[in-house]
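Peer 1: Sharing a structure below in structure tokens format, with a few things to ask.
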Amino acid sequence: MPFAPREEERGAPPTGDFERELGAVLRRTGGTLGPSDRAVLVEGGLARGRRRVVLRRVATGGTVLALAAAGLLGGYAGGLLGPGGGERGRVAAENPVPLPSQDGAVSARRMVGTLTALLPEGELTRQSGRGSGPGPEGSGPTASVVHDDGGGAALIQVGLGRTGLGDGTAEQLLTCPAKAYTDVDDCRESTLGNGSRALVVEGYVYGRDRGAKQWRATVVTPSGAVIDVSEYNAPEEKGAEATREDPPLSSEALLALASDPSWLPVAADYLADLADQGPPPDAAEEPRPPAGPSSGDVQATLKGLMPKGTTVVEEGGDSGFGYVVVDDGRGGSLVQVNVQSGMEDLRGHLSGGETLPDGTLVSERQEEDPDQKGGRGAVGWTVDTLRPDGFRVVVMAFNAPGQGQDAVRPTPALTMEQLRALALDPAWRGLG
Amino acid sequence: MRAARVEEYREFAADRATHLYRSACLLTSGDTHLAEDLVQETLGRMYVLWGRSSRIDNPAAYAQTVLVRAFLTHRRRRSATERPVGELPEAPRAPDDDPELRLALLGALGRLSPKDRAVVVLRYWEDRSVEETAAAMNVSSAAVRTRTVRALAKLREHLGGGSLVEFAAG
Chain W
411 MPFAPREEER
421 GAPPTGDFER
431 ELGAVLRRTG
441 GTLGPSDRAV
451 LVEGGLARGR
461 RRVVLRRVAT
471 GGTVLALAAA
481 GLLGGYAGGL
491 LGPGGGERGR
501 VAAENPVPLP
511 SQDGAVSARR
521 MVGTLTALLP
531 EGELTRQSGR
541 GSGPGPEGSG
551 PTASVVHDDG
561 GGAALIQVGL
571 GRTGLGDGTA
581 EQLLTCPAKA
591 YTDVDDCRES
601 TLGNGSRALV
611 VEGYVYGRDR
621 GAKQWRATVV
631 TPSGAVIDVS
641 EYNAPEEKGA
651 EATREDPPLS
661 SEALLALASD
671 PSWLPVAADY
681 LADLADQGPP
691 PDAAEEPRPP
701 AGPSSGDVQA
711 TLKGLMPKGT
721 TVVEEGGDSG
731 FGYVVVDDGR
741 GGSLVQVNVQ
751 SGMEDLRGHL
761 SGGETLPDGT
771 LVSERQEEDP
781 DQKGGRGAVG
791 WTVDTLRPDG
801 FRVVVMAFNA
811 PGQGQDAVRP
821 TPALTMEQLR
831 ALALDPAWRG
841 LG
Chain Y
104 MRAARVEEYR
114 EFAADRATHL
124 YRSACLLTSG
134 DTHLAEDLVQ
144 ETLGRMYVLW
154 GRSSRIDNPA
164 AYAQTVLVRA
174 FLTHRRRRSA
184 TERPVGELPE
194 APRAPDDDPE
204 LRLALLGALG
214 RLSPKDRAVV
224 VLRYWEDRSV
234 EETAAAMNVS
244 SAAVRTRTVR
254 ALAKLREHLG
264 GGSLVEFAAG
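Those protein sequence lines, which keep their order, are chains W and Y. Start counting the first sequence at 411; every next residue gets the next number (my numbering). Start counting the second sequence at 104; every next residue gets the next number (my numbering).
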């Protein structure tokens with residue numbers, strides 16, 4: 411933050427003392443303010459950021475590796491095509507005026523009309539939408555409405571998108587999220603009669619113990635159109651109290667809504683509109699996957715290094731990242747690893763720990779609720795290692811089978827010694 | 104985004120979240136829900152920038168600018184429904200917490216126009232120069248000077264016209 415000296419106001423009344431005091435009072439007051447839960451801000455920001463990236467990729471048919479990360483690493487909170495209302499939370503929910511310039515072949519009015527026609531009887535408020543014209547983020551048309559069937563006001567949102575052809579987008583949109591990172595009550599993948607494929611997830615915006623439930627149906631048609639509908643048990647995605655036990659539509663009714671034939675002409679017009687628009691100008695700036703260790707290598711190496719007597723019950727990974735859930739007969743334990751190059755700038759971060767003869771820095775810690783996701787009784791044990799050339803392997807083990815989940819055992823399945831040996835194993839070097 | 108960058112982003116976000124939240128509380132004169140939303144929006148936009156190849160020079164300062172812009176955009180949309188001052192952030196009591204001073208300050212900030220409030224927060228909370236404040240708000244330096252003078256006069260009036268130190272002590 412810059413700390414440039416302030417110049418005196420020219421021609422201003424003599425306010426010098428007051429200015430100085432104001433700075434002091436602002437700092438004193440500001441310093442007493444603190445978020446009730448910092449993790450909500452961090453995770454919420456991360457989820458919104460990921461959705462922004464995914465929105466662009468889905469809309470442009472680009473690669474969607476970030477989607478895998480979104481599912482794996484817990485940024486699954488919102489609908490992936492989170493309509494404007496969801497993406498901006500309550501800020502946009504109170505901005506019901508669709509701008510005419512944003513309306514392309516599919517107007518905001520048509521989106522809202524198609525959605526509301528498919529809803530059961532009830533009171534409708536806060537209707538808003540966005541058309542298919544080029545938006546600042548290249549995102550697709552959306553509609554959002556608060557529906558009350560008499561049992562409590564509930565936000566229902568829909569967004570349209572498209573998948574790239576044969577690039578794996580559809581598979582990633584239609585695969586249940588990893589259990590170790592995303593807590594859901596139910597998740598079902600299915601193929602519909604007309605060749606469309608669908609995913610229905612009964613999950614949560616933040617987590618089981620806090621925030622609204624989010625039930626979501628995603629349908630991908632044979633032509634690659636995506637219809638993504640989310641419903642909540644609250645009138646806002648975030649920040650509003652739950653008004654009812656569950657969202658208003660059963661998961662079957664939600665899937666029926668998302669797969670209703672009346673979306674097909676809307677989606678067809680949207681896809682035609684996209685083809686006319688071409689890719690947005692900043693598509694080239696999208697992050698590209700690095701040429702780091704592949705997810706398969708990291709995952710396989712991690713699995714191979716698990717101690718005897720443990721069984722791997724779940725596994726997954728992303729570039730430079732892998733995880734397993736192991737069970738030694740006393741309950742599931744999540745073990746995750748990051749393998750990274752070029753991390754020299756973390757040297758200071760690890761300098762308080764031990765230095766091995768070869769110059770490798772090793773830092774060990776044991777924390778309660780290490781990811782601040784609120785699992786009851788959860789602890790995380792971490793061994794962080796940094797080689798002199800910036801090659802870093804950090805392993806973390808939990809006494810729970812997933813992030814944010816309650817402890818199922820007193821300690822992780824691996825001891826600190828085992829974690830240390832795991833992080834320092836020469837096998838990782840071969841991946842760097 | 105590669106795992107290392109995501110982790111780096113997480114560290115950045117965790118590191119800045121509290122300060123951004125405090126700035127947002129001052130900007131919104133104590134609307135904690137809106138403050139949380141603005142911080143998430145800011146961190147979301149920072150995530151997108153984080154994924155790009157070119158690094159941001161001073162991400163902490165840039166995030167503050169993003170926050171102020173998000174706040175001003177939001178205020179433009181909602182200016183017709185300007186909410187009165189009321190809610191107070193429920194913060195854990197800090198040792199030198201002074202609820203009366205906090206109430207008075209947030210109340211006085213709440214009586215300023217959103218742009219005047221942004222000027223006060225950037226200049227006296229963020230310690231930015233007139234030029235830096237002008238650049239963050241996309242206005243001229245002259246406009247920032249004018250707003251500063253006006254905002255200080257109003258704050259002084261609403262806080263009793265006397266010395267803030269006396270006020271805080273009283």
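No residue lacks a Cβ here, since even glycine has one placed at the ideal position from N, Cα and C. Please read all numbers here as calculations on a predicted model, not as lab measurements.
#1: Are Y165/Y and V142/Y close, meaning C-beta to C-beta below 8 Å?
#2: Kindly identify the DSSP beta-bridge partner or partners of E641/W.
#3: Quick one: which residues of the region 118-141 of chain Y get their C-beta closer than 7 Å to a C-beta of chain W? List them in chain order.
#4: Since T792/W and L834/W are thought to touch, with beta carbons under 8 Å apart, how far apart are those beta carbons, to the nearest angstrom?
#5: Among the candidates D683/W, T524/W and M716/W, whose CA atom is the shortest distance from the CA of S743/W?
#6: Does the separation of the CB atoms of V556/W and T535/W fall below 8 Å?
#7: On the three-state DSSP scale, how would you describe D835/W?
#8: Do we get a CB-CB distance below 8 Å when we pair R520/W with the residues of chain Y?
#9: Pick from Y616/W, A685/W and P587/W: whose alpha carbon is nearest that of L456/W?
#10: Indicate the three-state DSSP secondary structure (helix, strand or coil) for M826/W in the structure shown.
#11: Quick one, which residues of the region 201-212 of chain Y are near chain C if we go by CB-CB under 7 Å, in chain order?
#12: Chain Y partners of E429/W, CB-CB under 8 Å?
#13: Is M716/W helix, strand or coil when you go by DSSP?
#14: Can you check whether the CB of L451/W is closer than 8 Å to the CB of L146/Y?
#15: Do you know offhand how far R598/W's Cα is from C586/W's?
#16: My guess is that D683/W and V522/W are in contact by the Cβ rule of under 8 Å, so how many angstroms apart are they, rounded?
#17: Can you tell me whether T135/Y is buried or exposed, with buried defined as 16 or more other CB within 10 angstroms of its CB?
#18: Within 10 angstroms of the Cβ of P632/W, are there 16 or more other Cβ atoms? Answer buried if so, exposed if not.
#19: For P187/Y, which residues in the same chain have their Cβ closer than 6 Å to its Cβ, ignoring the five residues on either side in sequence?
#20: Let me make sure I understand the geometry here. Which of V708/W, G790/W, T552/W and H759/W has the alpha-carbon closest to that of W838/W?
#21: Could you give the residue range of the beta strand (DSSP E) that holds Y733/W?
#22: Suppose you measure from the CA of D638/W to the CA of T653/W; what does that come to, to the nearest Å?
#23: Residues of chain Y with CB under 8 Å from L432/W, in chain order?
#24: So, for A817/W: in the same chain, excluding its five sequence neighbours on each side, which residues have a beta-carbon less than 6 Å away from its beta-carbon?
#25: Throw me the rounded Cβ distance for the L436/W and L129/Y pair, which I believe falls under 8 Å.
#26: Check whether the Cβ of R437/W lies closer than 8 Å to any Cβ atom in chain Y.
#27: Near D679/W, what residues of its chain come up, given a Cβ to Cβ distance below 8 Å and the 5 sequence neighbours on each side ignored?
#28: So which residues of chain W does R113/Y contact, with C-beta pairs closer than 8 Å?
#29: What's the call for Q776/W, buried or exposed, on a 16-neighbour Cβ count within 10 Å?
#30: Quick one: which unbroken alpha helix (DSSP H) runs of 4-plus residues sit fully inside the region 745-801 of chain W? Chain order, please.
#31: Whose C-beta lies closer than 8 Å to the C-beta of L225/Y among residues of the same chain, with five residues either side of it excluded?
#32: Taking one C-beta from the region 621-635 of chain W and one from the region 652-671 of chain W each time, how about it: are there three or more such pairs within less than 8 Å?
#33: For a contact defined as C-beta to C-beta under 9 Å, what are the partners of L146/Y on chain W?
#34: Considering only DSSP beta bridges, list what D596/W is partnered with.
#35: Can you tell me which of the three DSSP states Q813/W falls into?
Peer 2: Result, derived from the coordinates:
#1: no
#2: I566/W and W625/W
#3: Considering only beta carbons, the part of the region 118-141 of chain Y lying closer than 7 Å to chain W consists of A120, T121, Y124, R125, C128, L129, H136, E139 and D140, in chain order.
#4: No, T792/W and L834/W are not in contact; Cβ-Cβ is about 14 Å, not under 8 Å.
#5: The shortest C-alpha separation from S743/W is found at M716/W.
#6: Pairing V556/W with T535/W gives a Cβ-Cβ distance under 8 Å.
#7: It is coil, neither helix nor strand.
#8: no
#9: Of the candidates Y616/W, A685/W and P587/W, the one whose C-alpha sits nearest the C-alpha of L456/W is Y616/W.
#10: helix
#11: Looking for chain C here will not work: the only protein chains present are W and Y.
#12: Taking a Cβ-Cβ cut-off of 8 Å, the neighbours of E429/W in chain Y comprise Y227 and L255, given in sequence order.
#13: coil
#14: yes
#15: 7 Å
#16: Rounded, the Cβ-Cβ distance is 17 Å, inconsistent with contact.
#17: buried
#18: exposed
#19: Low confidence applies to P187/Y: its pLDDT is 33, below 50, so where it sits in the model is not reliable, and the reading given next is rough at best. Nothing meets the Cβ criterion.
#20: V708/W
#21: F731 to D737
#22: Taking the CA atoms as reference points, D638/W sits about 23 Å from T653/W.
#23: V223, Y227, L255, L258 and L267
#24: G787, A788, N809 and A810
#25: 7 Å
#26: Output row for R437/W: interface = yes.
#27: A515, V516 and S542
#28: Near R113/Y (Cβ distances below 8 Å), the residues of chain W are V452 and L456.
#29: exposed
#30: 757-760
#31: Q167, V171, R231, E235, T236, A239 and M240
#32: yes
#33: L451, V452, G454, G455, L456, R458 and G459
#34: E612/W
#35: coil
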